[in-house]
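Encoded as structure tokens, the structure appears first; notes follow it.
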Amino acid sequence: MSSVSHFANDIPKSAFPADVAQGRKSLSWNGSVPGIVLVTMITAVAFSARNVSGFALFSPMILAVVAGMIYSNVLGTPVHAKAGIAFSQKRLLRFAIVLLGFQLTLGQVVSIGAGGVGIVAATLGATFVFTITLGRLIGVDAKLAQLIAAGTSICGASAIVATNIVTDARDEDVTYAVASITLFGTVAMLGFPLMAPMLGLDQHAFGLWAGASIHEVAQVIGAGFQNGTQSGEIATVAKLTRVAMLAPMVVALGLMARGRSSSEVAARPPMPWFVAAFVAVVALNSLVTVPTEVKSAMALATTIMLTMGLAAMG
1010 MSSVSHFAND IPKSAFPADV AQGRKSLSWN GSVPGIVLVT MITAVAFSAR NVSGFALFSP
1070 MILAVVAGMI YSNVLGTPVH AKAGIAFSQK RLLRFAIVLL GFQLTLGQVV SIGAGGVGIV
1130 AATLGATFVF TITLGRLIGV DAKLAQLIAA GTSICGASAI VATNIVTDAR DEDVTYAVAS
1190 ITLFGTVAML GFPLMAPMLG LDQHAFGLWA GASIHEVAQV IGAGFQNGTQ SGEIATVAKL
1250 TRVAMLAPMV VALGLMARGR SSSEVAARPP MPWFVAAFVA VVALNSLVTV PTEVKSAMAL
1310 ATTIMLTMGL AAMG
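In terms of the working numbering, the sequence shown is residues 1010 to 1323.
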């Protein structure tokens, strides 16, 4: 019996691949914790900064990018935090796009009518093509131009993050794109309501205009309701209709990237998993009545995850 016990003790640990694999996963996860904690702290600073006078106009996402850049340049990025930063930059951003689907139902898209959907689609397409063309004319890098075009025409930082999965632009380009659409979106949020009387727009027309052209969902809501309740409701629905076009836009850009890139890129599926999951969540949200409290929690989780991802990118 003792010989059997001795023999068992002599068996190398590698003979238990499942245990070893589990141990590696545990080590990998433990290695990500310091970076995730650091990113969470920077995200908390970004949200808290909005309570300071003068910063309330900026989204927590752009504040997180700036805070991340300041930390990285002043203190440097700790080596032990890099795994968690990479996790936040990639995994969390993808999950945020999936949760974005809880803000949209097909019924909302239908509610603005065929004419409204047509206006939104035409505006989106024209904006995207114009931005890409202008970028080419003034010598902007093609990938950066695509990111700015996606953020401007669809839904701001969320679209930039989703688009970058298939365009594979540099982190600096993502930061530039987020900064530019945040700046111009903020200007639009403040300026559009002032222009409504000059242009003679009623609440319906203004809501459609704001929802079809302003970048971030929060900026659209701010501008729309500033001009009246009806404007705010129409602007929100028009904006969410643009969000619905995120999936086909990412698929189209993915197909373009496959056509001109290496065999490794060409082997990727034309629809990334998170885009398919986004579509599935929209379908679920359209078929099942999701409690308002759950939707609010998902919206907050989306914002937090996007902010953490952009803090990591900074």
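Note that CB positions come from ideal geometry on N, CA and C, so glycine has one too.
How many Å lie between residue i and residue j at the Cα?
i: L1008; j: V1183; result: Absent from the structure is residue 1008, since the part of the chain shown begins at 1010 and ends at 1323.
i: F1201; j: G1134; result: 21 Å
i: F1111; j: A1308; result: 7 Å
i: V1291; j: L1113; result: 6 Å
i: V1013; j: I1106; result: Any reading at V1013 must be qualified, since the residue scores a pLDDT of 42, below 50, and its modelled position is unreliable; no value is offered.
i: V1288; j: V1252; result: 11 Å
i: L1293; j: V1299; result: 9 Å
i: V1284; j: I1169; result: 13 Å
i: Y1185; j: G1085; result: 20 Å
i: A1073; j: M1322; result: 9 Å
i: G1160; j: G1040; result: 33 Å
i: A1131; j: T1140; result: 14 Å
i: A1276; j: S1057; result: With a pLDDT of only 49 at A1276, under the threshold of 50, the placement of this residue in the model should not be trusted; the figure read from the coordinates follows. Each residue's Cα considered, the two are about 43 Å apart.
i: I1121; j: V1229; result: 16 Å
i: V1259; j: A1266; result: 10 Å
i: S1305; j: L1146; result: 42 Å
i: A963; j: V1226; result: An answer regarding residue 963 cannot be provided, because it is not within the stretch 1010 to 1323 covered by the chain.
i: L1262; j: T1172; result: 7 Å
i: V1187; j: V1297; result: 33 Å
i: Q1212; j: V1119; result: 19 Å
i: F1067; j: G1231; result: 12 Å
i: T1301; j: L1203; result: 32 Å
i: L1208; j: K1099; result: 43 Å
i: G1125; j: L1210; result: 15 Å
i: P1087; j: M1198; result: 38 Å
i: E1181; j: A1256; result: 24 Å
i: T1238; j: I1071; result: 28 Å
i: V1303; j: V1083; result: 39 Å
i: G1093; j: V1061; result: 29 Å
i: G1167; j: G1148; result: It is worth fixing the name first, because residue 1167 is Ser in this sequence and not Gly. Each residue's Cα considered, the two are about 25 Å apart.
Can you find the residues in the same chain that come closer than 8 Å, C-beta to C-beta, to residue i, ignoring five residues on each side of it along the sequence?
i: K1091; result: G1044
i: A1065; result: R1059
i: Q1117; result: V1246, L1249 and T1250
i: S1097; result: G1044, I1045, V1048, M1317, G1318, A1320 and A1321
i: E1242; result: G1216 and G1233
Ordered along the chain, which non-local residues of its own chain (more than five positions away) have a Cβ less than 6 Å from that of residue i?
i: L1101; result: M1314, M1317 and G1318
i: L1115; result: S1295
i: F1215; result: A1205, N1236 and S1240
i: R1103; result: F1283
i: L1108; result: M1307, A1310 and T1311
i: G1220; result: V1229, A1244, A1247 and K1248
i: A1158; result: F1137, T1140 and I1141
i: G1144; result: A1154
Among the candidates the options, whose CA atom is the shortest distance from the CA of residue i?
i: T1311; options: G1040, L1047, T1052 and V1046; result: T1052
i: N1224; options: Q1098, A1232, I1163 and G1231; result: The residue you asked about is not Asn; residue 1224 is His in the sequence shown. Comparing Cα-Cα distances from H1224 to each of Q1098, A1232, I1163 and G1231, the minimum goes to I1163.
i: H1089; options: T1176, G1220 and V1042; result: V1042
i: P1069; options: G1063, I1079, V1054 and L1146; result: V1054
i: A1123; options: I1174, L1156 and L1217; result: L1217
i: G1063; options: T1195, V1226 and A1219; result: T1195
i: A1244; options: K1152, G1233 and V1149; result: G1233
i: I1174; options: G1144, L1192, V1149 and L1264; result: L1264
i: S1222; options: L1203, F1137 and D1180; result: F1137
i: M1254; options: G1127, L1143, A1178 and T1142; result: G1127
i: T1176; options: E1302, I1071, T1301 and D1150; result: D1150
Tell me whether residue i counts as near the ligand ZN, meaning its Cβ is closer than 7 Å to at least one heavy atom of that ligand.
i: A1130; result: The ligand ZN is absent from the structure shown, which contains no ligand whatsoever.
Keeping to the same chain, check which residues put their C-beta closer than 7 Å to that of residue i; ignore five residues upstream and five downstream.
i: G1165; result: I1190, G1194, H1224 and E1225
i: A1178; result: K1152, L1153 and L1156
i: Y1080; result: I1051
i: A1286; result: V1107
i: L1192; result: none
- Note down, one range per segment and in chain order, each alpha helix (DSSP H) of at least 4 residues found wholly within the region 1226-1268. 1226-1235 and 1238-1253
- Can you list the beta strand (DSSP E) stretches of 3 or more residues lying completely in the region 1156-1220, in chain order? none
- Query: Can you give, in chain order, each stretch of the alpha helix (DSSP H) that sits fully within the region 1049-1118 and has at least 4 residues?
  - Reply: 1069-1083, 1091-1096 and 1102-1108
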